[in-house]
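Using our numbering, you'd call the opening residue of the sequence shown number 6 and step up by one each time.
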Amino acid sequence: MAKYIIAHDFGTSANKASLFTTEGKFVKTATAEYPTYYTNQSWVEQDPEDWWAAFCQTTKTLMQGIPKEDVLCVSFDGTYPNCLCVDKDGKPLHRAMIWQDTRAYKQAEEITKKIPAKYTADRANHVMQTDRTLPKLLWIKENQPEIFAKTAMVLPCVSNYIVMRMTGVACCDYSVGKGTAMVTMDHSDYADEILEAAGITREILPKLCDRTTIAGEVTEEFADQCGLAVGTKLVVGSDDSACTSIGAGISEPGDCYMNGGTSAGIVFKRKPGDTTTGGQTASSGSSFRWLRNTICQYEQFLAKSEGRSAYDIIDEELAEAPIGSHGVMFHPYLAGERKPHNNPRAKGSFVGITLTTTRQDIMRSVIEGIGLNINLILQEARDRGYVVDRMPIVGGLGKSEIVKQIFADIMNVELITYEYMDEAATVGAAVLGGMALGLYEDESAVHKFMKVTSVTKPIAENHAAYQKLMPLFEDVYNAMVPLYEKM
Numbered sequence: 006m007a008k009y010i011i012a013h014d015f016g017t018s019a020n021k022a023s024l025f026t027t028e029g030k031f032v033k034t035a036t037a038e039y040p041t042y043y044t045n046q047s048w049v050e051q052d053p054e055d056w057w058a059a060f061c062q063t064t065k066t067l068m069q070g071i072p073k074e075d076v077l078c079v080s081f082d083g084t085y086p087n088c089l090c091v092d093k094d095g096k097p098l099h100r101a102m103i104w105q106d107t108r109a110y111k112q113a114e115e116i117t118k119k120i121p122a123k124y125t126a127d128r129a130n131h132v133m134q135t136d137r138t139l140p141k142l143l144w145i146k147e148n149q150p151e152i153f154a155k156t157a158m159v160l161p162c163v164s165n166y167i168v169m170r171m172t173g174v175a176c177c178d179y180s181v182g183k184g185t186a187m188v189t190m191d192h193s194d195y196a197d198e199i200l201e202a203a204g205i206t207r208e209i210l211p212k213l214c215d216r217t218t219i220a221g222e223v224t225e226e227f228a229d230q231c232g233l234a235v236g237t238k239l240v241v242g243s244d245d246s247a248c249t250s251i252g253a254g255i256s257e258p259g260d261c262y263m264n265g266g267t268s269a270g271i272v273f274k275r276k277p278g279d280t281t282t283g284g285q286t287a288s289s290g291s292s293f294r295w296l297r298n299t300i301c302q303y304e305q306f307l308a309k310s311e312g313r314s315a316y317d318i319i320d321e322e323l324a325e326a327p328i329g330s331h332g333v334m335f336h337p338y339l340a341g342e343r344k345p346h347n348n349p350r351a352k353g354s355f356v357g358i359t360l361t362t363t364r365q366d367i368m369r370s371v372i373e374g375i376g377l378n379i380n381l382i383l384q385e386a387r388d389r390g391y392v393v394d395r396m397p398i399v400g401g402l403g404k405s406e407i408v409k410q411i412f413a414d415i416m417n418v419e420l421i422t423y424e425y426m427d428e429a430a431t432v433g434a435a436v437l438g439g440m441a442l443g444l445y446e447d448e449s450a451v452h453k454f455m456k457v458t459s460v461t462k463p464i465a466e467n468h469a470a471y472q473k474l475m476p477l478f479e480d481v482y483n484a485m486v487p488l489y490e491k492m
């Protein structure tokens with residue numbers, strides 16, 4: 006009789022839950038979207054109740070036709086670093102400030118001046134970035150003191166809230182802890198020097214633990230709500246990036262994959278002593294969704310009438326514009342930028358539009374802008390001695406053949422697609438669940454799940470054309486920097 010692991014991936018826009026056998030066979034998946042609230046130009050928030058509703062919905066969907074007792078554990082990954090303050094009863098005190106929220110740029114600048122330089126030099130702590138939990142928490146402390154006064158715990162990852170709600174245990178793994186910008190240089194504990202400078206106490210921070218830690222079990226109170234059996238084990242898991250790395254088979258120093266999700270970028274298994282190579286953008290994947298929702302309303306109407314995906318229709322139109330989009334260039338900074346520029350005040354822009362510009366030019370320029378921006382991250386890695394000629398691609402952008410070809414041409418890499426690449430994050434979380442149960446020895450168990458389905462190779466003449474565009478792409482950004490400050 007088959008036994009199962011459920012893995013939950015809490016992304017920026019939706020919760021995806023996948024059911025796997027303990028032998029690594031994918032059974033089925035379920036997805037539930039939740040809204041993001043843009044209540045101010047720099048405020049980006051989500052309601053924890055929406056996370057919980059999505060969790061219950063997807064879990065119940067997966068459990069249809071599956072004996073409850075055959076699900077051995079539920080493991081998690083989620084977006085981070087967020088900032089969610091809860092009271093002594095575990096009740097949220099506000100909407101969560103998610104990683105895209107950039108309101109705390111002043112707090113990020115101020116705390117950077119107060120803490121020892123060694124922490125800001127180690128960019129893996131990202132103290133200076135607004136996406137980290139610490140600047141967000143300081144913003145709450147300064148601007149919403151009534152919330153800070155009631156705060157009993159601060160949760161930096163979506164899944165931390167789900168686990169705490171069901172078990173009463175507030176914990177996060179060391180990778181998520183790193184994203185708080187409040188940990189030591191080796192990321193093994195909270196840093197007293199940082200906490201003292203910020204005026205934050207350890208008592209309100211979740212316990213740091215291994216990602217294979219079993220936080221607790223499903224109780225009667227929650228079994229009916231989510232459809233799981235009482236006693237089902239709940240595994241802490243990790244952040245979405247870490248789990249996607251596992252799911253993409255990234256195991257050796259120097260290995261990397263391209264994340265084609267909301268915060269697209271290049272994620273490396275860094276070499277010893279390297280804390281900075283690679284990274285995620287702020288809104289590259291979101292830019293494609295923005296394109297669909299705003300400029301491509303006709304494609305959405307057509308998709309609905311024909312029973313197709315709007316993205317499939319957009320793909321067809323992307324091919325109608327040439328390399329370079331007839332001179333139109335897009336910078337995908339719709340939520341500020343993390344890598345490659347670390348500029349929360351950056352804004353998205355189109356340049357080069359003329360009376361002859363077509364909708365197809367605009368559409369293709371968005372994809373090219375995403376690719377050119379990510380290529381800056383890859384260039385930095387290559388300058389540091391990393392050799393990258395092929396890598397897996399995961400996430401929604403990896404579903405499109407023409408998008409993959411554009412990216413391959415820009416970066417001059419072969420992009421590998423695995424059978425379950427759309428489930429890479431949940432594959433990684435499932436592996437951690439199996440390790441927690443003692444079913445898998447280590448992360449190499451991921452190879453039970455992996456099978457190559459396609460390889461997208463770069464076209465030399467296309468790469469040469471994009472190489473000519475790279476300097477202009479950087480020049481436009483540099484010219485815009487002083488203007489961003491005025492916007």
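All C-beta atoms in this analysis are idealised placements derived from N, C-alpha and C, irrespective of residue type, glycine included.
Only a predicted model underlies this, so the values are computations on that prediction, with no experimental measurement involved.
For residue 64, the first and last residue of its enclosing beta strand (DSSP E):
Element bounds for residue 64: not the beta strand (DSSP E) but the alpha helix (DSSP H), 53 to 68.
Specify the secondary structure class of residue 238 as computed by DSSP and reduced to three states.
The answer is strand: DSSP assigns residue 238 an E or B state.
One or two residues paired with residue 397 in a DSSP bridge:
Paired residue(s): 421.
Just how far apart, CA to CA, sit residue 235 and residue 439?
Residue 235 and residue 439 have their alpha carbons spaced roughly 19 Å apart.
Nearest to residue 48 by alpha carbon, out of 19, 92, 274 and 135?
Nearest C-alpha to residue 48: 135.
Selected residue, minimal CA-CA separation from residue 344, among 286, 52, 171 and 311:
The option with the nearest alpha carbon to residue 344 is 286.
Does the beta-carbon distance from residue 410 to residue 288 come in below 9 Å?
For residue 410 and residue 288, no; Cβs fall outside 9 Å.
Would you list the one or two residues that DSSP bridges to residue 48?
Looking at the DSSP assignment, residue 48 forms a beta bridge with 45.
By the 10 Å Cβ neighbour count, where 16 or more other Cβ atoms means buried, how is residue 130 classified, buried or exposed?
Confidence is the limiting factor: at residue 130 the pLDDT is only 49, short of 50, which leaves the residue's position unreliable, though a coordinate-based value still follows. A residue is called buried when at least 16 other Cβ atoms come within 10 angstroms of its Cβ; residue 130 meets this threshold and is buried.
Evaluate residue 86 with the Cβ neighbour count: other Cβ atoms within 10 Å of its Cβ, from every protein chain shown; 16 or more gives buried, anything less gives exposed.
Taking every protein chain shown into account, the CB of residue 86 has 16 or more other CB atoms within 10 angstroms, so this residue is buried.
With a floor of 4 residues, list each alpha helix (DSSP H) that falls wholly inside the region 259 to 326, ordered by position along the chain.
Secondary structure in the region 259 to 326: the alpha helix (DSSP H) runs of 4 residues or longer, each lying completely within the stretch, are 289 to 299, 302 to 311 and 315 to 323 in chain order.
Nearest to residue 416 by CA position, among 64, 258, 241 and 381, is which residue?
Of the listed residues, the one whose Cα sits closest to residue 416 is 381.
So what's residue 131 in DSSP terms, helix, strand or just coil?
Confidence is the limiting factor: at residue 131 the pLDDT is only 49, short of 50, which leaves the residue's position unreliable and the question unanswerable from this model.
Is residue 428 helix, strand or coil by DSSP?
In the structure shown, residue 428 sits in a helix (DSSP, three-state: H, G or I).
Can you grab the Cα-Cα spacing for the pair residue 191 / residue 331, in whole Å?
Rounded to the nearest angstrom, the two C-alpha atoms are 48 Å apart.
Helix, strand or coil for residue 98, going by three-state DSSP, please let me know.
The answer is coil: DSSP assigns residue 98 none of H, G, I, E or B.
According to DSSP, is residue 33 helix, strand or coil?
Residue 33 falls in the strand class under three-state DSSP.
Should residue 82 go down as buried or exposed, given a rule of 16 or more other Cβ atoms within 10 Å for buried?
Buried: at least 16 other Cβ atoms inside 10 Å.
CB contact flag (residue 13, residue 431, <9 Å):
Cβ atoms of residue 13 and residue 431: closer than 9 Å.
Excluding sequence positions up to five away, which residues of its chain have a Cβ less than 6 Å from the Cβ of residue 354?
In its chain, beyond the 5 residues on either side, 336 have a beta carbon closer than 6 Å to the beta carbon of residue 354.
Does DSSP classify residue 381 as helix, strand or coil?
Correct three-state label for residue 381: helix.
Roughly how many angstroms separate the alpha carbons of residue 64 and residue 232, rounded to a whole number?
For residue 64 and residue 232, the distance between alpha carbons rounds to 7 Å.
Residue closest to residue 491, alpha-carbon to alpha-carbon, out of 397, 356, 473 and 351:
A check of alpha carbon separations from residue 491 across 397, 356, 473 and 351 identifies 351 as the nearest.
Go through its chain and collect everything with a Cβ distance to residue 228's Cβ below 6 Å, but skip five positions before and after it.
Within the same chain, residue 228 has close Cβ partners 235.
With a 10 Å radius around its C-beta and 16 neighbouring C-beta atoms as the bar for buried, classify residue 313 as buried or exposed.
By the Cβ neighbour-count rule, residue 313 is exposed, with fewer than 16 other Cβ atoms within 10 Å of its own.
Taking the C-alpha atoms as reference points, what is the distance between residue 309 and residue 26?
So the alpha carbons of these two residues sit roughly 35 Å apart.
Outcome for residue 257 when other beta-carbon atoms lying within 10 angstroms are tallied against a minimum of 16:
Exposed: under 16 other Cβ atoms inside 10 Å.
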